[in-house]
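**Student:** The opening residue of the sequence shown carries number 378 in this note's numbering; numbering runs sequentially from there. Have a look at this one before I ask anything.
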Amino acid sequence: MKAVMYGGGNIGRGFIGLLFSQSGYDVTFIDVAEPVVDALNREKRYPVRYVSTDKKEDIFVEPVSAVNGNDAELAAQTIADADIMATAVGVRILKFIAPNIAAGIRMRMQKGGKPLDIIICENLIDADKLLDSLIREHLTEEEQRWFEKHIGLVEASIGRMVPVQTEEMKDGNLLRVCVERYGFLPVDKSAFKGPIPEIKNMVPYTPFGFYIERKLYIHNMGHAVCAYLGGYLGKEYIYQAIDDSDIQYIVENAMLESARAAARQYGADLEQLLLHVQDLLARFTNEALQDTCGRVGADPARKLSRRDRLIGASMLCVEQGICPAYIFLGTAGAVYRYLEEQKEEQSMEQAVKVLRELSGLNETAGEAAGILEFYEMFCRGASVKEMKQRAQKMEAEYLGDII
378 MKAVMYGGGN IGRGFIGLLF SQSGYDVTFI DVAEPVVDAL NREKRYPVRY VSTDKKEDIF
438 VEPVSAVNGN DAELAAQTIA DADIMATAVG VRILKFIAPN IAAGIRMRMQ KGGKPLDIII
498 CENLIDADKL LDSLIREHLT EEEQRWFEKH IGLVEASIGR MVPVQTEEMK DGNLLRVCVE
558 RYGFLPVDKS AFKGPIPEIK NMVPYTPFGF YIERKLYIHN MGHAVCAYLG GYLGKEYIYQ
618 AIDDSDIQYI VENAMLESAR AAARQYGADL EQLLLHVQDL LARFTNEALQ DTCGRVGADP
678 ARKLSRRDRL IGASMLCVEQ GICPAYIFLG TAGAVYRYLE EQKEEQSMEQ AVKVLRELSG
738 LNETAGEAAG ILEFYEMFCR GASVKEMKQR AQKMEAEYLG DII
């Protein structure tokens with residue numbers, strides 16, 4: 378059985394490629410990083426290192442091979458012959474790989490090939506719709522009809538934390554990837570066109586919106602809040618930030634706000650979501666991952682967009698009658714960092730502009746008012762403890778209003 382992993386980076390090698398291999402597939406990576414492609418073809422295997430604060434363990438993924446994505450014909454042929462495929466290239470790169478995927482689909486159609494499911498491992502709501510539109514641009518009407526019938530675009534929720542790999546983590550091997558042990562892969566059960574394959578730790582589920590929002594609005598949101606507050610206090614690493622009792626309290630309560638909202642929205646088991654929050658808090662303490670507040674909080678403009686982790690989570694809470702006080706606090710931290718990175722003046726006027734232009738929030742909106750209140754506290758250098766106390770009071774005031 379042949380699996381194609383488009384993207385030989387941290388998630389591709391450190392998560393999906395590993396699961397494909399453990400499920401009995403020969404794995405071929407497609408990537409444009411020549412040193413990685415050459416090394417995979419030379420070694421025919423690579424190490425994945427499970428790390429925790431107190432121990433590490435190496436396992437090898439084999440047999441593997443690689444194709445340079447710049448060789449469009451070979452990349453297309455590899456896709457045409459695949460039994461299963463996945464992408465993990467980053468949202469901004471999808472448009473660059475779409476032509477090769479379309480060419481592979483064309484070859485597959487010409488051969489009378491069987492259905493192919495592509496598991497989309499990109500951190501974006503509606504990633505399937507985006508990739509669908511990008512592929513269609515390169516297909517004729519006849520090919521699009523075949524594509525609709527035979528190619529499944531399957532959204533996935535990537536919960537494994539895989540940080541930027543330092544030279545210390547590589548430990549002398551370009552291909553080594555250090556990861557945490559968490560390895561479940563929820564996927565959209567309804568999107569498969571062929572029989573659902575037996576892949577280790579893959580969890581087919583419908584309606585899949587629940588898992589997408591659980592990842593984005595609980596995991597990613599909590600991680601971002603931790604990063605912005607950690608950065609505010611001058612912490613370099615996530616494990617250092619979450620070790621601060623006030624930050625931990627804020628992050629936990631922000632995730633609990635989203636958990637309660639998700640439970641109401643989807644009729645999900647709240648107890649399981651609360652256990653998930655506790656598991657995430659423990660995983661954030663993993664010192665061996667060396668995950669930085671800088672990396673986790675990077676690209677605050679995207680994180681402040683209307684459907685992303687911060688604004689999206691707060692709006693879900695409001696829709697479900699839950700006050701997102703702690704999410705507002707973390708969002709204010711994102712606004713503060715964005716203006717800092719843009720070397721803009723830290724002022725209410727600039728913050729209002731950011732929320733209007735990046736988040737689609739008018740300054741009169743309730744969400745904007747809550748965020749701006751905490752933003753003012755960042756501007757005047759308030760302590761994280763003061764912010765926590767204000768969030769507690771805001772939540773109590775909200776509860777008093779509805780009672």
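Here a beta-carbon is modelled for each residue, glycine too, at the ideal position from N, C-alpha and C. Small disclaimer: the values here were computed from a predicted structure and weren't measured.
1) Considering only the alpha carbon of each residue, which of A479, L732, K432 and K765 lies closest to I512?
2) Name the DSSP beta bridge partners of A449, please?
3) In three-state terms, what does DSSP make of A773?
4) Expressed to the nearest angstrom, what Euclidean distance is found between the alpha-carbon atoms of V761 and L552?
5) Could you tell me which of G698, F705 and M579 sits nearest to S398, measuring between CA atoms?
6) Count the other CB atoms within 10 Å of the CB of D435; is the residue buried (16 or more) or exposed (fewer)?
7) Can you check which of these residues, I497, Q697 and R422, is closest to I461 by C-alpha distance?
8) Determine, using beta-carbon pairs with one atom in the stretch 600-613 and one in the stretch 707-722, whether at least three such pairs fall under 8 Å.
9) Is A504 near E545, with beta carbons less than 8 Å apart?
10) Determine the DSSP secondary structure at V334, reduced to helix, strand or coil.
11) Are V425 and L471 touching if we call contact CB-CB under 8 Å?
12) Label T430 either buried or exposed according to how many other C-beta atoms from any shown protein chain fall within 10 Å of its C-beta, with 16 as the threshold for buried.
13) Rounded to a whole number of angstroms, what is the C-alpha to C-alpha distance between F392 and K680?
14) Please work out which residues of its chain come closer than 7 Å, Cβ to Cβ, to G536, disregarding the five sequence neighbours upstream and downstream, and give them in chain order.
15) Find the nearest neighbour of E717 within the set E525, M764 and G608, judged by alpha-carbon distance.
16) Let's test the definition: count the other Cβ atoms within 10 Å of the Cβ of D408 and tell me whether it reaches 16, buried, or not, exposed.
17) Which of helix, strand or coil does DSSP assign to F561?
18) Can you give me the C-alpha to C-alpha distance between M538 and L666, rounded to a whole angstrom?
**Tutor:** Short version:
1) The residue labelled residue 512 in the question sits at position 135 within the sequence shown. Cα-wise, what sits closest to I512 is A479.
2) In the sequence shown, the residue the question calls residue 449 occupies position 72. Answer is none; A449 lacks a bridge partner.
3) Your numbering for residue 773 matches position 396 in the sequence shown. In this structure, A773 counts as helix in the three-state DSSP scheme.
4) The sequence position of residue 761 within the sequence shown is 384, counting from 1. The sequence position of residue 552 within the sequence shown is 175, counting from 1. Roughly 40 Å separates the two Cα atoms.
5) Walking along the sequence shown from the start, residue 398 turns up at place 21. Among G698, F705 and M579, the Cα nearest to that of S398 is on M579.
6) In the sequence shown, counting from the first residue as 1, residue 435 sits at position 58. Residue burial annotation: D435 is exposed, with fewer than 16 other C-beta atoms found within 10 angstroms of its C-beta.
7) Translated into positions along the sequence shown, residue 461 becomes position 84. Checked all of I497, Q697 and R422; the closest Cα to I461 is I497.
8) yes
9) The residue labelled residue 504 in the question sits at position 127 within the sequence shown. The residue labelled residue 545 in the question sits at position 168 within the sequence shown. No.
10) Any property of residue 334 remains undetermined from this structure, which presents the chain solely from 378 to 780.
11) Sequence index remark: in the sequence shown, residue 425 carries index 48 (1-based). Sequence index remark: in the sequence shown, residue 471 carries index 94 (1-based). In this structure, L471 does not lie closer than 8 Å to V425 by Cβ.
12) The sequence position of residue 430 within the sequence shown is 53, counting from 1. Label assigned to T430: exposed.
13) Position 15 of the sequence shown holds residue 392. Position 303 of the sequence shown holds residue 680. Rounded to the nearest angstrom, the gap between the Cα atoms of F392 and K680 is 23 Å.
14) For the purposes of this step, residue 536 is taken as the residue at position 159 of the sequence shown. Excluding the 5 residues flanking it on each side, G536 has same chain C-beta neighbours closer than 7 Å at Y559, F561, K592 and H596, in chain order.
15) Translated into the one-based positions of the sequence shown, residue 717 becomes position 340. Taking only the C-alpha atoms, the option nearest E717 is G608.
16) The residue given as residue 408 occupies position 31 in the sequence shown. Under this definition D408 is a buried residue.
17) As a first step, residue 561 must be located in the sequence shown, where it is residue number 184. The answer is coil: DSSP assigns F561 none of H, G, I, E or B.
18) Within the sequence shown, residue 538 is the residue found at index 161, counting from 1. Within the sequence shown, residue 666 is the residue found at index 289, counting from 1. Going from the Cα of M538 to the Cα of L666 covers about 8 Å.
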